[in-house]
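Chemist: If you read the protein sequences in the order shown, they are chains A and B.
So in the working numbering, spot 105 of the first sequence is number 105, and the numbers just go up one at a time.
Just remember that the working numbering sits 1000 ahead of the position in the second sequence, which is counted from 1.
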Amino acid sequence: MAELNTGDGDGGKGGKVRSKKQNSKVDLTAMVDLAFLLITFFMLTTTLSKPQSMDLGLPDKEDDKTKDKPIKVDENRTMTILLADNDKMVYYMGLLATPIAGPKDIAFGKDGIRKELLSRKKSVLAYSAGLGKPKNGIIVIIKPSKKSNYRNLVDILDEMAIADVPTYAIVNDFTPEEQKLLEGK
Amino acid sequence: MTKKAASIDMTAMCDVAFLLLTFFILTATAKVPEALPVDTPASTVQTKLPESDLATITIGKGKIFYDLKGREVRKKALELMGQKYGIVFSEEEKAGFALMEGVGVPVTGLKQLIAMKSADRNKPGVQPGIPKDSLDNQLKEWIYNSRIANIDVNDKELQIAIKGDAKEEYPAIKEVMDILQDQKINSFNLVTGFRKIEK
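As structure tokens, then:
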């Protein structure tokens, strides 16, 4: 209360001088606390707000279909995943006419496709090792149908990254048999 | 006698703290509301998008929006687009375009869009999306001219990111990928949200 009217100068006793001196020093602790809190906030928000992204490489597109050379791959190594609508998908190993496994419905997530991918990956590696080419891993062909949505595509690409599938491709043409398989859903 | 040691002089510390605070506030770019809000799907991949040399194609609700990073690149790309479609943009319009976010209007509507207030730009129905059909493929021109502009200004190849809505159907995404592949862009980024791997 005495400090409130110190402004009118040295009209009082000697004690006033001491109280004035005390006033000149503000406790900055709280202010520094606040400043550092804000610094932390701005530092974190500037770096964390950068969006995540996923790299995707597609093979060269050849306009001239006659130049397209079919690449021969061992059907024992290929797994085809067809993306249907309503977050469903169908997979099979090998060729559709003579499948090694499937065609079977499978769900997204760790108990569905991921488990299957990991076990298939292992069995393909064992198969390739038997042939003397232990580096030949699984080949996954992803076929998104017209009804499938973008979330499914990103989800399946994500599963590829999680399961560390060495080779995968997005293929857009459907055979009539595959079309039929999806329509049955 | 020990009273002196109890309080430290915090003035300098306070100065430094506020200097840093000012720095971070000023460098932080204000988040402008997006013209086309999309719900990106989540993934576990943790690659960050580059800060510069980036073009973002936003796909959602059947519309396509195009965004380009870097003011100088934007100016140059607008100039090239103007040349292509026979529209002359003034310096003010270029400067206005440089500060804008993603656009979703045909080239003929750009002048009008730049003249609008930023609050009006995001009103529904103002931006119908960039045409991408085979007769009038402006998205292709945008990408092509932005690549030229980016090489011109920054001397680097432009990176392309696709930011699709999770519910968007695959053919719409494929169409954009085809446009990119027609220009021999075979590698691009998909913008995703973040989620943890379920163990």
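Even glycine gets a Cβ: it sits at the ideal position worked out from N, Cα and C.
Show which residues of chain A have a CB atom less than 9 Å away from the CB atom of Y1144 of chain B.
Modeler: By Cβ distance, chain A contributes nothing, its closest Cβ being about 16 Å from Y1144 of chain B, past 9 Å.
Chemist: With 7 Å as the limit, tell me which residues of the stretch 1156-1171 of chain B have their beta carbon closer than that to any beta carbon of chain A; keep them in chain order.
Modeler: Here the close residues are A1161, G1164, D1165, A1166, K1167, E1168, E1169, Y1170 and P1171.
Chemist: Indicate whether at least one CB of chain A lies closer than 7 Å to the CB of T1044 of chain B.
Modeler: Closer than 7 Å: yes.
Chemist: Just checking, does the stretch 1061-1075 of chain B make contact with the stretch 1130-1140 of chain B on the three C-beta pairs under 8 Å criterion?
Modeler: Contact between the stretch 1061-1075 of chain B and the stretch 1130-1140 of chain B is present, because at least three Cβ pairs lie under 8 Å.
Chemist: Can the beta-carbon of F1089 of chain B be found closer than 7 Å to that of R1074 of chain B?
Modeler: Not a contact, by the Cβ cut-off of 7 Å.
Chemist: Could you tell me how far apart the beta carbons of L1180 of chain B and I1143 of chain B are, in whole angstroms, since I believe they sit closer than 8 Å?
Modeler: Rounded, the Cβ-Cβ distance is 7 Å, consistent with contact.
Chemist: Just tell me which of B:E1079, B:L1049 and B:I1087 has its CA closest to the CA of L1158 of chain B.
Modeler: When only C-alpha atoms are compared, the closest one is B:L1049.
Chemist: From which residue to which residue does the alpha helix (DSSP H) around V154 of chain A run?
Modeler: From DSSP, the alpha helix (DSSP H) with V154 of chain A extends over Y150 to A163.
Chemist: Helix, strand or coil: which one does DSSP assign to D27 of chain A?
Modeler: It is coil, neither helix nor strand.
Chemist: For a quick check, are the C-beta atoms of F42 of chain A and F1018 of chain B less than 7 Å apart?
Modeler: No. Outside cutoff.
Chemist: Looking only at C-alpha atoms, which of A:Y168, A:R120 and A:K146 sits nearest to E183 of chain A?
Modeler: The candidate whose alpha carbon is nearest that of E183 of chain A is A:K146.
Chemist: Give me the Cα-Cα distance between I138 of chain A and A101 of chain A, rounded to the nearest whole angstrom.
Modeler: The straight-line gap from Cα to Cα measures roughly 14 Å.
Chemist: Taking C-beta pairs closer than 7 Å, name the residues in chain B that Y150 of chain A reaches, listed in chain order.
Modeler: Correct list: P1041, G1164, D1165, A1166, E1168, Y1170 and I1173.
Chemist: Comparing the C-beta of L1110 of chain B with each C-beta of chain A, is any distance below 7 Å?
Modeler: No, L1110 of chain B lies away from the interface with chain A (no Cβ there is under 7 Å from its Cβ).
Chemist: Is there a Cβ of chain B sitting closer than 7 Å to that of T175 of chain A, yes or no?
Modeler: It does not: the Cβ of T175 of chain A has no partner Cβ on chain B nearer than 7 Å.
Chemist: Is the CB of G112 of chain A under 7 Å away from at least one CB in chain B?
Modeler: Output row for G112 of chain A: interface = no.
Chemist: How many Å lie between T1027 of chain B and K1069 of chain B at the Cα?
Modeler: Cα to Cα, the separation comes out at about 16 Å.
Chemist: Between the stretch 144-160 of chain A and the stretch 1137-1157 of chain B, do three or more beta carbon pairs fall short of 8 Å?
Modeler: Touching, no, given that fewer than three Cβ pairs across the two stretches are closer than 8 Å.
Chemist: To the nearest angstrom, how far is the alpha carbon of T45 of chain A from that of Q1112 of chain B?
Modeler: Their backbone Cα atoms lie some 34 Å apart in a straight line.
Chemist: Pick helix, strand or coil for D1039 of chain B, following the three-state DSSP scheme.
Modeler: In the structure shown, D1039 of chain B sits in coil (DSSP, three-state: anything other than H, G, I, E or B).
Chemist: Beta carbons nearer than 9 Å to chain A: which residues of the stretch 1120-1148 of chain B have them?
Modeler: Listed by position, the residues of the stretch 1120-1148 of chain B near chain A (Cβ gap below 9 Å) amount to none.
Chemist: Buried or exposed for G1102 of chain B, going by 16 or more other Cβ atoms inside 10 Å?
Modeler: Answer is buried; the Cβ neighbour count reaches 16.
Chemist: How about F1188 of chain B and I1160 of chain B: do their beta carbons lie closer than 7 Å?
Modeler: Contact flag set, yes.
Chemist: Can a CB atom of chain A be found closer than 7 Å to the CB of I1087 of chain B?
Modeler: Not one chain A Cβ lies under 7 Å of I1087 of chain B.
Chemist: Could you tell me whether any Cβ in chain B is nearer than 7 Å to the Cβ of T46 of chain A?
Modeler: True, the Cβ-Cβ gap to chain B drops below 7 Å.
Chemist: Hey, L38 of chain A and L1021 of chain B: beta-carbon distance below 7 Å or not?
Modeler: For L38 of chain A and L1021 of chain B, yes; Cβs fall inside 7 Å.
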